[in-house]
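Report on the following structure.
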Amino acid sequence: MQSFRTELENPIVQKDIIELANKIELFQNGKIDEEKFRSLRLARGIYGQRQEGVQMIRIKLPYGKVLSHQLRRISEVSDKYSRSRLHITTRQDIQIHYVDINRTPELWAELERDDVTIREACGNTVRNVTASETAGIDIDEPFDVSPYADAIFKFFLRNSVCQEMGRKFKVSFSASDKDTGLSYMHDLGFIAKIENGVKGFKVMLAGGLGSQPRHADLFYEFLPSDKIIPLMEGVLRVFDRYGERKSRAKARLKFLLKDIGLDAFKQLVEEEQNAIEFKTVTIDDSSYTASTPVNVTAPEVEVKDIEAYNLWKSTNVVPQKQEGYVAIGIKVLLGDFYTDKARLLADLVEQYAAGEIRLSLRQNILIPFVKEDLLPFFYTELAKLGFVEAGYNKAVDITACPGTDTCNLGISSSTGIAEELERVIKAEYPQYLENTDLVIKISGCMNACGQHNMANIGFQGMSIRTKDKLVAPALQVLLGGGNLGNGNAYFADKVVKVPSRRGPEALRRILNDFEEHANGKVFVDYYKEKGEKYFYQLLTDLSNIENLTQEDFIDWGTEKQYVKAIGIGECAGVVIDLIATLFLESDEKIAEAKEAFDNKVYSSAIYEAYRSMVNSAKAILLSENINTNTQAGIISQFDELFVATKKVDLSATFSEIIYQIKVFPPTEQFARNYINAAEQFLKSVRAFREKQVEVKI
1 MQSFRTELEN
11 PIVQKDIIEL
21 ANKIELFQNG
31 KIDEEKFRSL
41 RLARGIYGQR
51 QEGVQMIRIK
61 LPYGKVLSHQ
71 LRRISEVSDK
81 YSRSRLHITT
91 RQDIQIHYVD
101 INRTPELWAE
111 LERDDVTIRE
121 ACGNTVRNVT
131 ASETAGIDID
141 EPFDVSPYAD
151 AIFKFFLRNS
161 VCQEMGRKFK
171 VSFSASDKDT
181 GLSYMHDLGF
191 IAKIENGVKG
201 FKVMLAGGLG
211 SQPRHADLFY
221 EFLPSDKIIP
231 LMEGVLRVFD
241 RYGERKSRAK
251 ARLKFLLKDI
261 GLDAFKQLVE
271 EEQNAIEFKT
281 VTIDDSSYTA
291 STPVNVTAPE
301 VEVKDIEAYN
311 LWKSTNVVPQ
321 KQEGYVAIGI
331 KVLLGDFYTD
341 KARLLADLVE
351 QYAAGEIRLS
361 LRQNILIPFV
371 KEDLLPFFYT
381 ELAKLGFVEA
391 GYNKAVDITA
401 CPGTDTCNLG
411 ISSSTGIAEE
421 LERVIKAEYP
431 QYLENTDLVI
441 KISGCMNACG
451 QHNMANIGFQ
461 GMSIRTKDKL
471 VAPALQVLLG
481 GGNLGNGNAY
491 FADKVVKVPS
501 RRGPEALRRI
511 LNDFEEHANG
521 KVFVDYYKEK
531 GEKYFYQLLT
541 DLSNIENLTQ
551 EDFIDWGTEK
561 QYVKAIGIGE
571 CAGVVIDLIA
581 TLFLESDEKI
591 AEAKEAFDNK
601 VYSSAIYEAY
611 RSMVNSAKAI
621 LLSENINTNT
631 QAGIISQFDE
641 LFVATKKVDL
651 SATFSEIIYQ
661 IKVFPPTEQF
671 ARNYINAAEQ
681 FLKSVRAFRE
691 KQVEVKI
């Protein structure tokens, strides 16, 4: 690998990027364990792709806001390092695919020139902070949540408390009680409220999707805005210490809440407050730099197809609270668009709107601050880009993850079936073009990146096996999910599994039945009235696999016979000494603790020292083939197996030493003492390890 150098104004970012380049080289030379390298690159937005030898890069775009110059920069990067395609995710990120990992440090450096990052876009970190795409313009909002989402993003980026958690952590902000930020399915969801003139939030805790969706608990009915950052830090500390680490399937916050209960969790969070440096963090929304619209005169244009224009206005124009302005929704099929159009869009909004776009949770684009008299002009300009398809956020606007196109975990095609279902609705159910009460979502596997289990009608990629052991692509049909607002929702029921090729017929039956019998009810209410068994009977014959045709073995969007292939492996690393690797990491964490101490960031210094001690203890437990699944478990087992038996001689129990982090505030003196304790502990366990090795020799 060639040496890499970057010239950036921010030394922290520059150090990050050079470190990534160095770690890539060490991994390729067999000096870093594969699992450790995977953890590091994921936390830098680099995700292994289904196709061998290339990576997906996820660009982290807090609350979906992208300025014109940033969109142009992202387009340049996609052209140079990828294939000129941009993919909008259901978390308001942009992904680019087919990137050579050796070029990722250079790619990252180019993005950072316009203040765009890939740091912590993947991995066991705080993922992109999402929000209602209408934040700041929403006619129902009590206040703009953008400054608060921005503050959370900045405070926890590179924050030591959330760099190596057991699993990812997701946060959302909803502009109003409509809860368009979907608080109920997030680890922490914030809904804007005002009480007695004080800005704050209703707080939802430990929601999630995946194979076992969980509705978030109500954590606080109202929490003042200056408490949201200390609260989140406490939650992250508890999750980091007590969250599952051995079984990924049980490692999300929702499982910890299920195990210990809300009251016990809240008590643990309160106990952490001693160790948190800032008891309140005032977020000054007046200092937040909001985009402002340009004052331009409307160019005169002639709209040739008035009928199409009026339909577009009825489905794609969103009212704003600012008088004289509207927002324009662009329906982006499957979230995919190309850099040539992205550049033209960036120029358009810079010259005639507010110089920004918003990416939505439904993989679309919203242009805020368009003067109402500019609508005909925008329509004609967007038409040139193919961006005036009617049905923004309507029933015809189907959400889908990439599925088997690029994802390692995809089981069947989600993009292919999504295109076919949209075609069916447009051709056979045109009345749904303006329907906002029907939400259809598709995921290529159980992980629910397409959010299928929160939809009115959802489809999950699966496979089926015949008696002859032939494998065909299939879809699990889920029904009855829905957002009820203000933190309340239903998750969809699994109703029946059908071969993928019968997905369109399943949709037809559901819609035909709904049309005939709903009598004006919204779908979620109609489903609750009829129940799961009713719809099972309606669809069950489609699940029969005794009469499959040749076509049933070919997935949507392909002409080849279906092959179930999950998790195509990434390059294998050379077998190395994992214990030695962990000790080296402990050294690195102590060095980072000292650097933070020198910079007077005592809370980070203390947490890095804590991570070093946990890491060192884990190394010794692994040396005796003892696996643990939580940090708290590592601490207690080390005491039981090594301190109580006097195999490792410490001045006190390991628990007493390490849990000082919960007792003392993050002062300079405590930080100095705690770092010294971490160094002494590492010295003690290294000495024990040396004796172990001598005995084995």
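Sequential numbering of the sequence shown, starting at 1, is according to the UniProt record's numbering. Don't be surprised by glycine CBs; every beta carbon is placed ideally from N, CA and C. Quick caveat: nothing in here was measured; it's all calculated off a predicted structure.
Assignment of beta strand (DSSP E) within the segment 472-541, counting only whole runs of 3 or more residues, yields 482-485, 488-490 and 493-499 in chain order.
For Gln95, the pairing in a beta bridge is given by DSSP as Arg58 and His87. The alpha carbon of Gln363 has as its nearest neighbour, out of Leu375, Leu374 and Ala400, the alpha carbon of Ala400.
For the pair of segments examined, the segment 168-178 was found not to touch the segment 219-231: the number of CB pairs separated by less than 8 angstroms stays below three. By the 16-neighbour rule on beta-carbons within 10 angstroms, Leu621 is buried. Secondary structure at Asp285: helix, using DSSP grouped into helix, strand and coil. Taking the Cα positions, Val349 is about 9 angstroms away from Phe378. The three-state secondary structure of Ala400, taken from DSSP, is strand. DSSP lists Val471 as the bridge partner or partners of Arg465. Taking the CA atoms as reference points, Tyr242 sits about 45 angstroms from Ile554. Rounded to the nearest angstrom, the Cβ distance from Gly355 to Leu582 is 48 angstroms, too far for a contact under 8 angstroms.
Per the C-alpha coordinates, the member of Asn486, Ala605, Thr653 and Gln660 positioned closest to Arg158 is Ala605. Ser586 sits close to Asn615, with the two beta carbons spaced by under 8 angstroms.
Take Asp114, set aside five residues on each side of it, and the residues of its chain with a beta-carbon closer than 7 angstroms to its own are His69, Gln70 and Arg73, in chain order. With a cutoff of 8 angstroms on beta-carbon distance, Met462 and Ala492 are scored as not near each other. Taking 8 angstroms as the cut-off, the beta carbon of Ser183 is found closer than this to the beta carbon of Ile191. When only Cα atoms are considered, Met446 and Arg252 end up about 15 angstroms apart. Cβ neighbours of Leu111 within its own chain (closer than 8 angstroms, five residues either side excluded): Ile59, Arg73, Ile74, Val77, Thr117 and Ile118. Leu262: member of the alpha helix (DSSP H) spanning Leu262 to Glu272, first to last residue.
In the displayed model, Phe387 falls within coil according to three-state DSSP, outside both helix and strand.
A contact is defined here as three or more CB-CB pairs under 8 angstroms, and the segment 37-48 fails this definition with respect to the segment 312-325. The count of Cβ pairs closer than 8 angstroms, one atom from the segment 26-34 and one from the segment 85-97, stays below three, leaving the stretches out of contact. In this structure, DSSP gives Lys170 a state outside helix and strand, which the three-state scheme calls coil. Between the C-alpha atoms of Ala580 and Thr645 there is a straight-line separation of about 24 angstroms. Below 8 angstroms, enough C-beta pairs join the segment 663-673 and the segment 588-608 to call them touching: three or more. Of Glu529, Glu505 and Ile545, the smallest CA-CA separation from Lys469 is found for Ile545.
In this model, Asn295 and Pro147 are separated by some 24 angstroms (Cα to Cα).
Inter-residue distance for Lys250 and Thr380 is about 51 angstroms (C-alpha atoms, whole angstroms). Counting every other CB atom within 10 Å of its CB across the protein chains shown gives Ser651 a total below 16, marking it as exposed.
Look at Ser39 here: in three-state DSSP terms it is helix.
DSSP places Leu111 in the uninterrupted alpha helix (DSSP H) bounded by Thr104 to Glu112. Closest in alpha carbon position to Gly324, among Ala342, Pro293, Lys331 and Val332, is Pro293. Using a Cβ-Cβ distance cut-off of 8 angstroms, the segment 127-135 and the segment 210-224 are not in contact, since fewer than three pairs of beta carbons, one from each stretch, lie closer than that value. Secondary structure at Arg214: strand, using DSSP grouped into helix, strand and coil.
Counting the other Cβ atoms within 10 Å of the Cβ of Leu20 gives 16 or more, which makes it buried. If you draw a straight line from the Cα of Arg83 to the Cα of Gly335, it is about 15 angstroms long.
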